[in-house]
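In this note's numbering, the protein residues as written are 19 to 421.
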């Protein structure tokens with residue numbers, strides 16, 4: 019939706035990793051240097067780790083785009099929690115080798131034969147294993163065994179291992195992986211981007227979709243974006259995508275720090291919404307809750323009714339409707355005039371006052387939940403429209419979609 023409003027040719031901050039938007043931050047530049055060094059060596063293991071959303075997959079995608087397929091056959095495997103034998107089958111499938119019904123020995127011979135054929139054709143083979151933190155130790159040992167295949171003193175297979183930080187703990191501290199550690203020729207951990215890299219990163223991705231300055235960003239907006247995302251590319255993408263959506267809904271041409279704070283508040287509120295609150299409350303229920311909250315609380319000592327009124331507890335009501343504590347009407351000259359001094363009104367019971375305050379607080383909380391739920395429903399509707407842009411209204415000519 020926001021890409022139509024701002025005239026973009028695509029969505030620059032989508033969550034799906036796309037090497038087309040690769041941005042070479044300082045930490046990614048170092049990682050590419052290590053990967054290039056590893057490719058030049060043509061053997062061993064290269065290990066790249068990083069937190070969730072650090073850009074590992076985008077980095078590998080960019081690397082594969084730079085590889086000459088006539089000289090290097092590169093296959094990528096997104097690992098799952100598998101043991102050694104299952105990993106061999108997954109690798110064989112990536113190599114295009116039939117593995118069903120094959121024993122482990124036959125499978126290893128088939129893979130070695132495949133690697134030798136690639137080498138005789140003048141091509142090297144690279145295996146990229148993503149999500150390495152999910153691999154069992156037995157699976158890592160099988161990868162080490164695959165790296166043993168050689169022809170003429172040269173390794174037939176080179177392996178890149180990518181994973182989250184806990185993968186480093188497994189790899190470098192497991193006592194059974196010493197032989198694999200000795201074959202690691204380079205390792206690098208992807209750090210978050212620095213504060214000064216956030217603005218170039220955002221403008222770089224916007225430039226890839228034809229951004230011409232609309233919307234513009236205030237300098238303090240970039241500071242707020244970094245504070246929330248902490249320099250992690252995926253968190254940054256989520257925030258800026260929501261910012262652009264917010265800007266399109268409000269038809270804004272400039273995004274400020276205040277706008278960033280508003281969107282951050284919405285994101286944080288969404289995380290705290292229970293699934294049951296995603297559906298708006300019925301109107302009748304909201305009205306009933308509001309009426310109950312503002313209804314007056316009965317007085318602690320209500321005036322007597324006809325059913326409970328007694329001459330001992332309350333003065334007799336005057337026939338002409340005068341207040342019960344008015345001076346009584348004399349019926350005879352000898353009638354004694356009584357002076358009745360009304361007692362002070364009793365103080366409000368603290369417990370009843372607390373109950374009233376609790377009612378008001380409950381109503382306010384429900385109104386906040388209702389507002390958050392409506393915002394969430396709006397977001398879901400916007401996402402639905404965004405998935406079907408051909409039927410989406412044009413925000414440049416209509417404001418009804420933002421109503």
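Even for Gly, the Cβ is constructed at its ideal location relative to N, Cα and C.
Three-state secondary structure (DSSP) of residue i
i	result
residue 209	coil
residue 176	strand
residue 202	strand
residue 142	strand
residue 381	helix
residue 32	coil
residue 171	coil
residue 60	coil
residue 227	coil
residue 21	helix
residue 290	coil
Burial state of residue i, where buried means 16 or more other Cβ atoms lie within 10 Å
i	result
residue 317	Because the pLDDT of residue 317 is 45, which lies under 50, any placement of that residue in the model is unreliable, and the number read from its coordinates should be weighed accordingly. So residue 317 counts as exposed.
residue 151	buried
residue 378	exposed
residue 138	exposed
residue 122	exposed
residue 127	exposed
residue 166	exposed
residue 238	exposed
residue 255	buried
residue 181	buried
residue 38	exposed
residue 247	buried
residue 77	buried
residue 73	buried
residue 163	exposed
residue 118	exposed
residue 169	exposed
residue 75	buried
Alpha carbon of residue i to alpha carbon of residue j, nearest angstrom
i	j	result
residue 422	residue 250	The requested residue 422 is not part of the displayed model; the chain covers only 19 to 421.
residue 103	residue 109	10 angstroms
residue 192	residue 384	52 angstroms
residue 176	residue 200	14 angstroms
residue 161	residue 173	13 angstroms
residue 301	residue 288	Low confidence applies here, because residue 301 scores a pLDDT of 47, under 50, leaving its location unreliable and the question unanswered by this model.
residue 235	residue 264	13 angstroms
residue 146	residue 95	6 angstroms
residue 195	residue 154	11 angstroms
residue 245	residue 24	25 angstroms
residue 134	residue 142	9 angstroms
residue 386	residue 34	33 angstroms
residue 70	residue 278	23 angstroms
residue 107	residue 48	33 angstroms
residue 120	residue 99	22 angstroms
residue 112	residue 252	28 angstroms
residue 171	residue 28	49 angstroms
residue 68	residue 284	28 angstroms
residue 282	residue 198	44 angstroms
residue 101	residue 159	10 angstroms
residue 31	residue 369	54 angstroms
residue 258	residue 19	14 angstroms
residue 59	residue 204	10 angstroms
residue 224	residue 21	10 angstroms
residue 131	residue 57	22 angstroms
residue 36	residue 81	12 angstroms
residue 372	residue 243	42 angstroms
residue 62	residue 241	41 angstroms
residue 376	residue 286	25 angstroms
residue 382	residue 280	20 angstroms
residue 85	residue 26	30 angstroms
Interface flag, residue i vs chain C, CB-CB below 8 angstroms
i	result
residue 191	Of the chains in the structure shown, none is chain C; there is only one protein chain.
Give a yes or no on contact between the stretch 180 to 190 and the stretch 216 to 232, applying the rule of three or more CB pairs nearer than 8 angstroms. No: fewer than three Cβ pairs fall under 8 angstroms.
At 4 residues or longer, what runs of the alpha helix (DSSP H) sit wholly inside the stretch 229 to 285? 237 to 247 and 251 to 267
Would you call the stretch 228 to 239 and the stretch 47 to 59 in contact, with 3 or more CB pairs under 8 angstroms? no
Considering only residues of the stretch 64 to 126, which uninterrupted beta strand (DSSP E) runs meet the minimum length of 3 residues and lie entirely inside it, listed in chain order? 90 to 96
Answer yes if the stretch 89 to 101 comes into contact with the stretch 269 to 284, meaning at least three C-beta pairs across the two stretches below 8 angstroms, and no otherwise. no
Tell me, please, whether the stretch 36 to 51 touches the stretch 204 to 215 by the rule of three or more beta-carbon pairs shorter than 8 angstroms. Note that the stretch 36 to 51 touches the stretch 204 to 215; at least 3 beta-carbon pairs, one per stretch, sit closer than 8 angstroms.
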